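Enquirer: Dumping the structure here so I can ask a few things about it.
Here's what the structure looks like:
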């Protein structure tokens, strides 16, 4: 999301004040620039406190990273490329070359100081991989497992072989810190050339809005396999480089531990993670407890993978996959974490990745030529391997082309590999810079080449339908309801509300929390859930199932009401994060008209969507087994659309018929104006037809067919009740909105139906718009 200009100005102003304030502590900017101690030695003399240096580093990386990111976005590149370039500019290549003393002050070489900012960057990596995991479609990745595996294997093998050959026969001795260990250097070089960085790939694919494409999922899945296999290769190479040599037992332990970790995570881990998130959300009273729990889960899983020897990023990614399968709060958590990662952690991590690069080493034409050759070999090797792997995986030529180009981004993994090689003496500073340059250039080449390839790759029918469905679900009402809260008593309305809640919970796979407002009774929904299935006529029908009735396990939790005020207890529970409150209380109305005060208080206790169920007609005597047949008055407003979604979901789950009714105003024109009267009638008829056509398309998304009916009447309540009598409809589903008042008011139409309807009512209350009653 773009930051307003005023916001940017404030941010830059604060950054300037912070730097100026830090410098002022030591005699001002003039003294800083002219300090003899600084001029003589950047490692001694004038030195800021470590916390001030840390803040200055963060501010510099954020400001310059944001600036370069904005420039890259306007050039069609992902912001991450700008953040990498920002690190290079802030490193010895530009900042250190032009202002070496100030550079040494802000970015000192001390290990302890560097560890502070590096710790923030590493946390950012974990959060980035957590988000990547949360966005990964496990079902889709499973379906593309074969091409992802073949692409990863061939995409590693070919460039790895090229890198090893280059290290063995192509590098001069002058680039080797120890010519007697050329094999180890060649292995590090092959590893650096072969691995696609999951961090870079995930960020670039996401910024290109390509994450949900089939090929995007294959690229991400392949990069995940790349990263996992790559760390095993790094472990082997690192073992060879150490004085003790390779520990075969440790290698087998890493591979076996990784397999066990993945199997346990996919089975037991999914249930444990979901249970922990729900427990934190429902029992902890501090702010955003679920976010804290998710971060703890991420950290624990990262700690588990670290001793296995495959790096903490795998644990963070798997944690994200498991969190995404939790039934509650995943969308809210993702939104909260994404802003933090994009604004703070990503610029710091990717900036640091470029900070250790010294491009001044490439002023030697020979080294510049070797670097160009390294980039060429890395690109061609990865392209050829991934293309061949795609062919083996059964992809088309155009798909293989796009995949090979998308897998060419290197980035942080190569920097980490190169850093390890530098630390054990397998690489020198020059070769390190060449590898980082290769990582930056291949990352910059990925977006434009991938866009070019995608232009040759139109959406197929299945992918287009899936993306269309996902776009609908992103804004649909029920798709964003993650769990239900049911507040009922033991009356007919409570039993009918429990019945409908059970249907909705089964059909939409939603967890249900049930609260009984009658302390002497359990919520009826729990009694029905305890029997294993709903009443015989209400076994949920799932989308795409051929059977008329499918027994679906129902996730129901009873929440006992504590204290003497059940309404306050419902309100307290509602604040724990529910997408819909379903209410069934007797009596629903007063003899004078309007909602009963007790029901009105429950409605006011919840600020989200509320569904008020009122049992009438046959459901007064048989709310559990009475027939269901839905009538949905629609007006094309947001409130009526959401009510239509609810009605269609219930009709699909129960197998009941549904009628969509549009009631238009009658034509009231002078008799002399026949032409005008005919035009007005045609316009209103066309409006009704358009609304019903949109409603029919919405019904089709729920795999049902709604019978369309158009009526013209001044008394809409009479038209609705007349249609219900003629068709034998038993439940009227109506979208309403709260009116500005101290009382709970829904408008004249809702009041008339509450007063005169002999058919059960389901009123979906929506505060965000004007419903049919408006």
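Numbering (my numbering), first residue to last: 13 to 786. Beta carbons are placed, not taken as given, at the ideal position from N, Cα and C, and that holds for glycine. Quantities reported herein were computed from a predicted structural model and do not represent experimental measurements.
Report the rounded CA-to-CA distance for residue 273 versus residue 317, giving the unit in angstroms.
Expert: Roughly 8 Å between the two C-alpha positions.
Enquirer: Going by beta carbon distance, what residues of the same chain come within less than 7 Å of residue 231, once the five residues before and after it are set aside?
Expert: Excluding positions up to five away in sequence, the list reads 213, 217, 415, 418, 419.
Enquirer: For residue 472, count neighbouring Cβ atoms within 10 angstroms of its own Cβ and tell me buried if that reaches 16, exposed if not.
Expert: Label assigned to residue 472: exposed.
Enquirer: Candidates 638, 637, 654: which alpha carbon is nearest residue 644's?
Expert: Of 638, 637, 654, the residue nearest in Cα terms is 654.
Enquirer: Rank 394, 411, 771, 507 by C-alpha distance to the C-alpha of residue 226 and give the top, closest one.
Expert: Taking only the C-alpha atoms, the option nearest residue 226 is 411.
Enquirer: Could you check which residue in 185, 237, 475, 359 has the C-alpha nearest to that of residue 130?
Expert: Cα-wise, what sits closest to residue 130 is 359.
Enquirer: Give a yes or no on whether the C-beta atoms belonging to residue 85 and residue 353 are separated by under 8 Å.
Expert: Their beta carbons are not under 8 Å apart, which means residue 85 does not touch residue 353 by this criterion.
Enquirer: What's the C-alpha gap between residue 430 and residue 137?
Expert: If you take the alpha carbons of residue 430 and residue 137, they lie about 17 Å apart.
Enquirer: Count the other CB atoms, across all protein chains shown, that sit within 10 Å of the CB of residue 293; report buried if there are 16 or more and exposed otherwise.
Expert: Buried: at least 16 other Cβ atoms inside 10 Å.
Enquirer: If you draw a straight line from the C-alpha of residue 445 to the C-alpha of residue 199, how long is it?
Expert: Rounded to whole angstroms, residue 445 to residue 199 spans 17 Å at the Cα level.
Enquirer: Beta-carbon separation of residue 724 and residue 676 under 8 Å?
Expert: Result yes, Cβ atoms of residue 724 and residue 676 sit closer than 8 Å.
Enquirer: Three-state secondary structure (DSSP) at residue 671?
Expert: DSSP places residue 671 in strand when its eight states are reduced to three.
Enquirer: Count the other C-beta atoms from every protein chain shown that fall within 10 angstroms of the C-beta of residue 768, then say buried if there are 16 or more, exposed otherwise.
Expert: With fewer than 16 other Cβ atoms within 10 Å, it is exposed.
Enquirer: Tell me whether residue 592 sits in a helix, a strand or coil according to DSSP, three-state version.
Expert: Three-state DSSP puts residue 592 in a strand.
Enquirer: Tell me whether residue 198 sits in a helix, a strand or coil according to DSSP, three-state version.
Expert: Three-state DSSP puts residue 198 in a helix.
Enquirer: Looking at residue 164 and residue 401, is the spacing between their C-beta atoms short of 8 Å?
Expert: Contact: yes.
Enquirer: How would you write the range of the alpha helix (DSSP H) that residue 409 sits in, first residue to last?
Expert: Start and end: 409-418.
Enquirer: What residues in its chain sit with their C-beta under 8 Å from that of residue 547, if we drop five residues either side in the sequence?
Expert: Model confidence at residue 547 stands at a pLDDT of 38, short of 50, so the residue's coordinates are unreliable; what they give is reported in the following sentence. Closer than 8 Å at Cβ, skipping near neighbours: 511, 540, 636, 637.
Enquirer: On the DSSP bridge list, what partners appear for residue 524?
Expert: Its beta-bridge partners are 496, 568.
Enquirer: Can you tell me whether DSSP reads residue 222 as helix, strand or coil?
Expert: Three-state DSSP puts residue 222 in coil, outside helix and strand.
Enquirer: Quick one: which unbroken alpha helix (DSSP H) runs of 4-plus residues sit fully inside the stretch 573-653? Chain order, please.
Expert: Entirely contained in the stretch 573-653, the alpha helix (DSSP H) runs reaching 4 residues are, in chain order, 578-586, 609-616, 630-633.
Enquirer: Could you tell me whether the Cβ atoms of residue 103 and residue 367 are closer together than 8 Å?
Expert: The answer is yes: Cβ separation under 8 Å.
Enquirer: Based on Cα-Cα distance, which residue from 398, 287, 204, 119 lies nearest to residue 159?
Expert: Residue 398 is the option with its Cα nearest to residue 159.
Enquirer: Looking at the unbroken alpha helix (DSSP H) that takes in residue 404, where does it start and where does it end?
Expert: Its alpha helix (DSSP H) spans residues 377-404.
Enquirer: Report yes if the C-beta of residue 156 is less than 7 Å from at least one heavy atom of the ligand ZN; otherwise report no.
Expert: With respect to the ligand ZN, the structure shown offers nothing to examine, as it has no ligands at all.
Enquirer: To the nearest angstrom, how far is the alpha carbon of residue 145 from that of residue 453?
Expert: Cα to Cα, the separation comes out at about 26 Å.
Enquirer: Where does residue 752 sit, in a helix, a strand or coil, going by DSSP?
Expert: The answer is coil: DSSP assigns residue 752 none of H, G, I, E or B.
Enquirer: Please specify which runs of the alpha helix (DSSP H), each continuous and at least 4 residues long, are wholly inside the stretch 467-491, giving them in chain order.
Expert: The qualifying runs are 473-487.
Enquirer: For residue 719, does the three-state DSSP call read helix, strand or coil?
Expert: The answer is strand: DSSP assigns residue 719 an E or B state.
Enquirer: Just grab the DSSP bridge partners of residue 774 for me.
Expert: Residue 774 is bridged to 625, 745.
Enquirer: Quick check on the burial criterion: 16 or more other C-beta atoms within 10 angstroms. Buried or exposed for residue 698?
Expert: By the neighbour-count rule (16 or more Cβ atoms within 10 Å), residue 698 is not buried but exposed.
Enquirer: Have a look at residue 755 and residue 604 and give me their C-alpha separation to the nearest angstrom.
Expert: Looking at the two C-alpha atoms, the distance is approximately 14 Å.
Enquirer: Under the assumption that residue 661 contacts residue 714 (Cβ atoms under 8 Å), give the Cβ distance between them as a whole number of angstroms.
Expert: Confirmed, about 6 Å.
Enquirer: Who are the near neighbours of residue 720 in its chain, counting only those whose CB is closer than 7 Å to its CB and skipping five residues on each side?
Expert: These residues qualify, in order along the chain: 672, 704, 708.
Enquirer: Could you tell me if residue 426 is buried or exposed, where buried requires 16 or more neighbouring beta carbons within 10 angstroms of its beta carbon?
Expert: So residue 426 counts as buried.
Enquirer: What is the DSSP secondary structure of residue 724, counted as helix, strand or coil?
Expert: Residue 724 falls in the strand class under three-state DSSP.
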